[in-house]
Structure formats: C-alpha cells, structure tokens
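Going by this note's numbering, the first residue of the sequence shown is number 56, and it counts up by one from there.
Using N, Cα and C, we set each Cβ at its ideal position, and we do this for glycine too.
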Amino acid sequence: MMNLLRRCQTAVVVMAAVVSCGSAAWGIQPVTVLHETEADFSEGVADGTRITNTGRIELTRELTDLAEGEEAFSSLFDVVGPDAEGRYRVAAGPAGYFIVEEGAPPVMVGGIDESEQVFALTKAGNRLIVGVSGEPSRLGVEGLMAGEGDEEAELAVTPSVILEGVRYIWQIVPLDGERVAVATGTEGKVLIVDLSDPDSEPRVLLETGQSHVLSLALSEDGQTLYAGTDGEGLVYRVRDLEADKPSVYVLFDAPEPEIASMLVTRDGSLLVGTADAEQARPGRLEEAIDESVGEVEPVLEVEPSDPILDAVEEDEAEAEVEPETEVSADDTGDDVELKTDAVEPEQATGVTGEQRDRLREVLRERLMAARESGEMQVGGMGQASGSSEARRSATASRVRPARQASRDQEGNAVYAITEAGFVIEVLRESATMLSLVELADFIVVGTGNEGQVFSVDEETFEVSVLADFESEQVSFLRGDVGGGPMLAGLSNPARLVSLGEGVGRRGTFESVAIDADQVSLWGMARVRVELPENSSVTFETRSGNVGDVESEMWSAWSAPMGLMPNAAAAMELPREVPIVSPPARFLQYRVTLLGDGRVAPSVDAVELTHVTPNLPPRLASVQVQVPEVENPDDEVSSEYGIEWEASDPNGDRLEYVVEMQPAGSSVWIELENELAETRLSWATQRVPDGWYRVRVTADDRLDNPPDMARFARRVSDAVLVDQTPPEVEGLEAITMPGRAVRVSGEVIDALSPIAGIGYLLDGDTSYRPIVPEDLILDSTREAFSITLRGLTGLERVMTLRVVDRRGNARLIPLIIRPE
C-alpha cells in the first residue's frame, strides 16, 4: 500500500510537469467540477449567507438575539413591542405571558392560571390586550394588582372582557382605538368586542360553521376583514363591518385544510398561508434546482384597473347573495354531504402576456354566465352568505377527508389573491406557512417544522432561504414595508430574534467535500462574483483523504485570497484563484462575503479543476467458459469462450492481450492481442490435450504517453482441454455354457473421468448401459464385465461405446460366438 501511495504521489508530480508542457494525452486530462445551481450549493454549510433558487450565495440580514426561552417557555405565539424601554410582550407556551428585554431573562406576568393559555396579543389605542384562552376565554390588560399587607403590587393580567362559550382566542385585530375583532374556537366565530364597554355583549360578526377561525387580516382602509378557518381551509371576506348584516363572501377554498396566516399587502392583495401538518414532512418538498435556468424576468401583472376586471368586481358585488344549496341525507335523515355550485380553485401560477387574451375571454364567458344565472365564479371561488344558521349547519356537515384524499399536490402553499379574486400560488414547500410579512420589495414567510424563513421576490417570484434556524417553527414575523428590522419568534426551542434592515457585514459558505475518487492534483479555481463598491469576497481551500469534513485529518485552510471590486471586469468573467492545498482525494472550499451593512456581494459560480494520476486498469475477473456436456450422447464442441471484466479508474480506453499457458510450463503463448472487446472465442482443437490457464493483460496506452501507461493482469482458474476419447484395455469375450458370453475389460482415459459404457447387439438402435464393477462412474479407470445369455446364431456383432465427461467417445466392434 505504501508503494502504491508513493507511485501515486510521484505520478501527480510527473503529471503536473506534463500538463504544464501542454500534453494532449487523453489519460491526464483535467476534470472540472462546477458549482452554479441551488442543488450544487444546497449541501454546503451557510453561516450568515443564503442560497437562492437561481444558484447564488448572498449575505443574509443582520441577526440579533433578543431573548431565549430557556426554562421559562419553549414556544412563542405572538409579540407586541418594543415599548419605550425596549421591552417586548410575548405570548408564550406551554402557558404564559412574559416581558422580555434584550440581555435579560424573561419575566412572567401574573394573572394566568395553569389551565389557561395565551396565543394572541395586540395593542388597541394605548391598551395592551391579552387574549387568554380558557373556559371561558377572556380579554385582559396588563396592570398592577395590589399586594396584601406589606407585599408590593404585582404586575399581572387583569380581566377586561369575558367571552362566554369561547375556548380559544387565536388572533386579535384592532379595528379602532376601542374595538377589536377576535378569531375564536371551537365554534369558529369572529367576534367584535367593544373595549370601552366591558359589560356589553360581544357581537358575532361571522359564523363559519368550522371549528376554528385561526387567522384574521384587515384591509388598509379598515373596511374589509378577512378570516381564515381550519377544517376546510376557507377564506372569508367580510365587508360593511358596521352594518346589521355584513356582506360575507367565501373568497377562497384552499386545497389545504388550515389557513394559518394571512396578510394584506400594500397593493391590496391578500396573502394566505396554509398549514396542513401532515404535509410538513422534514426536508424540502422539491429537490433543489439542479440546473442553471438564468435570472427570472418580471411577470406581467394583471392590473386591477383593467376594464374587464372592474366588470368582474361589479358583478361579484351583485352576486353576493346566499347560494342555493342541496343537502343530501342518508336513511337516518342526518346530513352527510353538502353540494354547491362552488368550483374547486385552479392553482394559478401567474398571468403572462401570452395568456392575457385567453384570460379576458374566460372572464367574458363567466360574466355572461353570471348575468344569466345570477351567480358569479371568480378564479374558481364560490360565494357564501353571512350568519345564516341553515348554512352554518349544512357547511359543518361537509365531508372534508374525501376531498383531501384527492388532492394532487403535496406540501403547503402561500397564495396571493388579487383584489379581483384571482389566485396565484406564490410558494409551495413541505412546511407549514405559519407567518407572513411584506417588506420593501419581497414577501417573507416563516415556516415549520424546520424553522426556515423564505423570501419571495414580489416581481420575479424568485425564492430563497432567508434564514434557517435550529428551532422547529417560525411562529410569527413582524416587519414594516417602510423599513426597519424584522422580528421573528421561534419555537422549540424558543427564541426572539431581530433581523436587521441591512444585510450582514460578514457571512461564509463552506462546500461539501468534493471527491476526486483518487489522490489528485488540484489546479485552478474560477470564481464568478458580483462585487459592488465597499465589498469583497475571499476564497480559501483545504484538502484531505478522509471524506468526513469534521475529521482533524485535513490540511489547514489556505491563506484567504481576496477578490476585490473591479469596474473593468464584467461579472460574467470568472476570477482565477490558484488552489495551493496539497494533493489529496477530497477538497473543500470556503467563500467569505464581506460588506459594509448596505451593499450585498454575491457568488454565482465556483469552478474547480483537478487531475488524477494515471492508475492501473482493474481486471475484476477472467473466466473460461467450457461447453457443457449434459449426457454422453451430446456432440462435443471444441470452442471455449474466454470473458473478462475490466475497467479503468481514469476512464481510459483499454486494449487487451490474451495468452494461454500449459500446465507445468513457464511459457505464455499468445492467443490474441490489441483486443478492444472483453471476450474471445478459443478454438481448442488447435492445442494438445491438457490443463491450461488463461491470462488477460489490460493496458491504457491508447490514452497515455508510453512512460505513463499502466497495465493490469489476471489469470483464470485451470481448465481442461480434452479431445481424445477413452481407450479400452484387456477387452475379451469368453464363451460360457448355455449359449452365453461374458465380455470384460477396463476403460481408461488420460484426463477425464469415464462418463458412460454401453453396447449395441447386432441391429439394436439404442445403447444398453454397462455398470462398472464398482457400481459408479467416477474415475478415469473403470473395469467392467457383462454376461450376455440366450444368444442364438453362430456369430453375433457387439459394438462397445465408451465416452468421457468431455463427450469424447470411442466405438469398438467385437465378434462373439456363443456355443
């Protein structure tokens, strides 16, 4: 093994000289490894960097840890803050409400029983509202409770409004300084609570017939409220909030069963995130993109001011009437299924310029149908009226599992619903879409159960992983389109983190161990980068012969090579960086991106080159196929087949030489040379009987210089060439009384065991067997005798046939004369 390693190391040095002289020998051509796609980079380790789906390494946002749950709590559900003192109020689990401050341990606020939970917080006017889930649930405010005796006053949640019949408070949205909308369960209602009059009865704004209303979103003008449910994944739109009978419309019926998050964007669209827990399997829903597809051009948007869309909006408003429903019942009279005219939503992926004309035509058709029927379907979405008890009961009886079983897409999604009602699938991943926020130019999605934060460019729909936390869920995100840091609440384990407005100043990316299969000389790296002013990228490598990058048996990282901005160099022109790490089988590279907090350098591609020493071919086997003889009457073939398995670790073309050697000889006799195939037919009738071995030599001289060509040999097991039939010695026929004759002798073969002894008498058509004296045919010498009785005539002709295992047969005539 040490000699082989020394030869490999020597070959590397020799090849380096050959390559530098411009040799064109195929066997020592360099191999190029190119990393330029999301799949290429996805297995590496990113620290302060992210990988986009177009295969770009970029700096992430600046990250600051504000608080950790430690032993106080494991999950975060909601947050309000910071206040003037920089403190945050967080709803946390398993049960509690805390005040957290950067650098300080969490402080629990009293007034929450062990049987109660806090999932929702909000600020209405100057009051901090705490949603306490329990039996019954209540809205509370933070305040001081007087101590007893000499005890100091305790900070606690004091009751404000009791919500009878409500078990869960999932979200609270302020409508103005005095009123809030509350998403509740387990009866799936949206309540309006007037905080100025705690004794007033909460008003039921929406009854969904579902178990829970999980999410709420309010339009910018405060006139439209959206509600998302579990069970059937319905999105409701409620207008005319002050009216006795608000206008209620089912805006979207998602393929997934839960609407976990919603957000109204600055252009008036509604973002909807779904959360089917069964579809949140570990790992990405799709493999990382493994081909370079270029940058994404902006998609032509459908403008809400389009006349045809305005017509849709007008007709939709006219169509907001209670739809006719048909309820089928079983024999017991129980409602089992509700049939409506609602159509399952098609999963749109964007409206291109080429599709625009077709879209207009479809809309015209729908408008005509709506005018005739009085009902309007927009983007495949059905309508629903408000709080009709009959409708609530019927909706609750719909069978959801059958629909879920028929879904043809995996994972969960973020949908964008335009003001006209069109649905665009923005993101689909094997994760629950738990939180949404819109920043200046992209949408941010917090997910579970792998704690990833995705960013989606609002123009190009380019998706990238903005952050990848150790926590399992990104429970909530808070951010502002106008700028500033983004707040993220993480669960399992719990952390409250701030992602700064600017990009980080430093981030690294370490590749996986790149395997050259053999000890190789690593030559030049070509790195394609984008470097704005005040930014830079450094490149370094290390090498080793152990695949585990955590092993200490790797070389040290090379000195970082700096790549600086160069206005004269186009981004598409790769920067060449020599690899100075020692020759080894594995190589790992590390890029460090450096900025000033405002600019964002990026790495688009890394190309590495290595050359492997010329290694000898590999001969896995050499076999000689001897024709089988299944019975003594078969015709024997003298054509032997020689086959071998060979390969070359360098991928060189191979030539073969086949030789034979008689037993006891030291001389190899050539059968064939310069063979390209791995088989040969051997005509053994040209060689004497005996035992032989066959040797195959494989060499790679076709693709290598003569002084670097390598070869390998393998010898077959010994095989027998036997083309001579057995002899019969001592053959005699003895006449016996009673017209009987006794025939005896000994069959002898020089090489093969005897396989058969038989005879014909006169005109017999088939041979009759003769059993040897030891009763078994198993050796090259077999004695036999047989007595023929009841013979007639003066002379009889007996034909004796003896055959060996190779099928070589001899016929011997014999005249016998009975008395």
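{"Query": "Proximity winner among Asp755, Ser702, Arg734, relative to Glu714 (alpha-carbon distances)", "Result": "Arg734"}
{"Query": "Terminal residues of the beta strand (DSSP E) in which Glu484 lies", "Result": "478-484"}
{"Query": "For Arg645 and Phe594, the rounded distance between their alpha carbons", "Result": "6 Å"}
{"Query": "Length-filtered (3 minimum) beta strand (DSSP E) runs lying within the segment 706-747", "Result": "710-717, 724-730, 734-738"}
{"Query": "Cβ separation of Glu125 and Ala150, assumed to be a contact under 8 Å, to the nearest whole Å", "Result": "About 16 Å; that fails the 8 Å criterion."}
{"Query": "Contact check, Leu882 vs Glu171, beta carbons under 8 Å", "Result": "No answer is possible for residue 882: it lies beyond the span of the chain, which begins at 56 and ends at 874."}
{"Query": "Spatial distance of Gly862 from Glu690 (CA atoms)", "Result": "7 Å"}
{"Query": "Backbone secondary structure at Gln334 - three-state DSSP", "Result": "helix"}
{"Query": "CB contact flag (Met475, His90, <8 Å)", "Result": "One detail in the question is off: residue 475 reads as Ala in this sequence, not Met. The answer is no: Cβ separation not under 8 Å."}
{"Query": "Assigned exposure category for Ile825 - 16 Cβ within 10 Å defines buried", "Result": "buried"}
{"Query": "Cβ-Cβ separation, Gln334 to Ser546 (assumed contact under 8 Å), whole Å", "Result": "With a Cβ gap of about 19 Å, Ser546 and Gln334 do not count as contacting."}
{"Query": "Start-to-end residues for the beta strand (DSSP E) that takes in Asp95", "Result": "No beta strand (DSSP E) contains Asp95, which is instead part of the alpha helix (DSSP H) from 93-97."}
{"Query": "Meets three-Cβ-pair contact criterion under 8 Å: the segment 524-535 and the segment 558-565", "Result": "no"}
{"Query": "Per-residue DSSP class, three states only, for Leu757", "Result": "helix"}
{"Query": "Member of Leu118, Val212, Glu117 whose CA lies at the smallest distance from the CA of Val164", "Result": "Val212"}
{"Query": "Under 8 Å between C-beta atoms of Gly578 and Ile634", "Result": "yes"}
{"Query": "Secondary structure of Ile634, DSSP reduced to three states", "Result": "coil"}
{"Query": "DSSP-derived helix/strand/coil call for Asp651", "Result": "coil"}
{"Query": "Same chain only: Cβ atoms within 6 Å of Met616, ignoring 5 sequence neighbours per side", "Result": "Phe594, Val632"}
{"Query": "Whether Ile498 touches Leu489 by CB criterion (8 Å)", "Result": "no"}
{"Query": "Burial state of Val529, where buried means 16 or more other Cβ atoms lie within 10 Å", "Result": "buried"}
{"Query": "Range covered by the beta strand (DSSP E) that runs through Pro704", "Result": "Looking at the DSSP string, Pro704 is not in any beta strand (DSSP E), and its letter there is neither H nor E."}
{"Query": "Buried or exposed by the 16-neighbour rule on C-beta atoms within 10 Å, applied to Leu832", "Result": "buried"}
{"Query": "Beta-bridge pairing of Leu843 - partner residues as DSSP gives them", "Result": "Val796"}
{"Query": "Which residues DSSP lists as bridging Asn467, in chain order", "Result": "Glu484"}
{"Query": "Short Cβ contact (8 Å threshold) for Ser636 with Arg597", "Result": "yes"}
{"Query": "Given 8 Å, three or more beta-carbon pairs between the segment 247-256 and the segment 264-273", "Result": "no"}
{"Query": "Coarse secondary structure for Val508, derived from DSSP in three states", "Result": "strand"}
{"Query": "Lys244 - DSSP class collapsed to helix/strand/coil", "Result": "strand"}
{"Query": "Beta-bridge partners of Arg851, as assigned by DSSP", "Result": "Ile871"}
{"Query": "Glu493 and Arg321 closer than 8 Å at C-beta", "Result": "yes"}
{"Query": "In chain order, each beta strand (DSSP E) run of at least 3 residues that lies wholly inside the segment 168-223", "Result": "172-179, 182-188, 192-200, 209-218"}
{"Query": "Spatial distance of Thr515 from Asp496 (CA atoms)", "Result": "10 Å"}
{"Query": "Through-space distance from Thr779 to Pro808, alpha-carbon basis", "Result": "12 Å"}
{"Query": "DSSP three-state assignment for Met763, whether helix, strand or coil", "Result": "coil"}
{"Query": "Alpha carbon of Leu482 to alpha carbon of Ala332, nearest angstrom", "Result": "17 Å"}
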